[in-house]
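Student: Okay, here's the structure, questions in a sec.
Protein chains in written order, with this note's numbering: chain A, 1 to 95; chain B, 1001 to 1102; chain C, 2001 to 2095.
The structure is reproduced here in structure tokens:
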């Protein structure tokens, strides 16, 4: 899984039928110190995340295992909203 | 499949049961001329490979399950062959045991 | 699969139900000599690993197979704690 900040929403009226009802968010990947890595991904939201929130997302075929994304054409899904992130004994993020 | 060189064996006491009685190896991936790429992966040995051997590494979960005869093993990478030679346009390359350590 | 070192952890209250009770650890991928290789990722833990432990991580869809529920939407799981490498090439002494 990777850490990311929700930086936007994608609206697509014309899309695969299997994606109807899915909330699509733009994520910017962060490193363990919450520094943006300049990598962007569009992910399906399975937890009700909002803009600017720090989230954890799963990529690849594993992303199709949540109840929301079962049998959907999905390669990234938000699986958690991060409360805190600790490196060594230092808390680098607290929600 | 990828070409690689076995660099080390991994010993782990706490591990998933599928790794019991199996050898886990550190494999450095190589080009077809056996020059190392620097990238390292872990793979389970199925052909009695040893350190310094140039091997064929499979990376596909369903095939790994079929070879191990286990349903849903938590791994994709298996060593499935020890390479004798690779032949390319430039000719046949045979691995030399001497360049096995970098 | 790859070698890594546990460098931290992530906590989350709001998460998909499949992640309930799972520990989420930051893992820095490493080479056999202990030097970092590539970016840190977050992995589920199947081994009770702790910060500083040298571990091996299963990635992709097969990551879920290291956990009791094979349908967990994880793309990285710690499947073992490394005791030692033979020949030992670690610059630091093992764990």
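Here a beta-carbon is modelled for each residue, glycine too, at the ideal position from N, C-alpha and C.
Quantities reported herein were computed from a predicted structural model and do not represent experimental measurements.
Skipping 5 residues on each side, what residues in its chain have a beta carbon closer than 6 Å to that of residue 24 of chain A?
Tutor: Correct list, in chain order: 10, 42.
Student: Mind checking which residues open and close the alpha helix (DSSP H) that includes residue 2040 of chain C?
Tutor: Per DSSP, residue 2040 of chain C belongs to no alpha helix (DSSP H) and is neither H nor E.
Student: List the residues of chain A that residue 2060 of chain C touches, going by C-beta distances under 8 Å, in chain order.
Tutor: Within 8 Å Cβ-Cβ: 60, 61, 62.
Student: Of all Cβ atoms in chain B, is any one closer than 8 Å to the Cβ of residue 2043 of chain C?
Tutor: Not one chain B Cβ lies under 8 Å of residue 2043 of chain C.
Student: Given 8 Å as the limit, is there contact between the stretch 1034-1042 of chain B and the stretch 58-73 of chain A, that is, 3 or more CB pairs closer than that?
Tutor: They do not touch, by the three-pair rule.
Student: With residue 1013 of chain B and residue 2086 of chain C assumed to form a contact (beta carbons below 8 Å), what rounded beta-carbon distance in angstroms separates them?
Tutor: With 8 Å as the limit, residue 1013 of chain B and residue 2086 of chain C do not qualify as a contact, their Cβ atoms being about 14 Å apart.
Student: Interface residues of chain C around residue 56 of chain A at Cβ under 9 Å?
Tutor: Per Cβ cutoff of 9 Å: 2010, 2012, 2015, 2019, 2024, 2042.
Student: By how many angstroms is the C-alpha of residue 1094 of chain B removed from the C-alpha of residue 66 of chain A?
Tutor: Residue 66 of chain A and residue 1094 of chain B: Cα-Cα distance of roughly 48 Å.
Student: Can you tell me which of the three DSSP states residue 2017 of chain C falls into?
Tutor: It is helical.
Student: Between the stretch 32-45 of chain A and chain C, which residues of the former have a C-beta closer than 8 Å to a C-beta of the latter?
Tutor: Per Cβ criterion, the list reads 32, 37.
Student: What is the DSSP secondary structure of residue 2088 of chain C, reduced to helix, strand or coil?
Tutor: Correct three-state label for residue 2088 of chain C: coil.
Student: What are the boundary residues of the alpha helix (DSSP H) that includes residue 1061 of chain B?
Tutor: Unbroken alpha helix (DSSP H) run through residue 1061 of chain B: 1061-1068.
Student: From the DSSP output, read off the bridge partner residues of residue 2054 of chain C.
Tutor: Paired residue(s): C:2005.
Student: From residue 1052 of chain B to residue 1025 of chain B, what distance separates their C-alpha atoms?
Tutor: Cα to Cα, residue 1052 of chain B sits roughly 11 Å from residue 1025 of chain B.
Student: At a Cβ threshold of 8 Å, is residue 2006 of chain C touching chain B?
Tutor: Output row for residue 2006 of chain C: interface = no.
Student: Going along the chain, which residues of its own chain have a beta-carbon closer than 6 Å to the beta-carbon of residue 1092 of chain B, five neighbours each way excluded?
Tutor: Here the set comprises 1085.
Student: Compare the Cα-Cα distances from residue 2069 of chain C to each of B:1072, B:1067, B:1068 and report the closest residue.
Tutor: Here the closest residue by C-alpha is B:1072.
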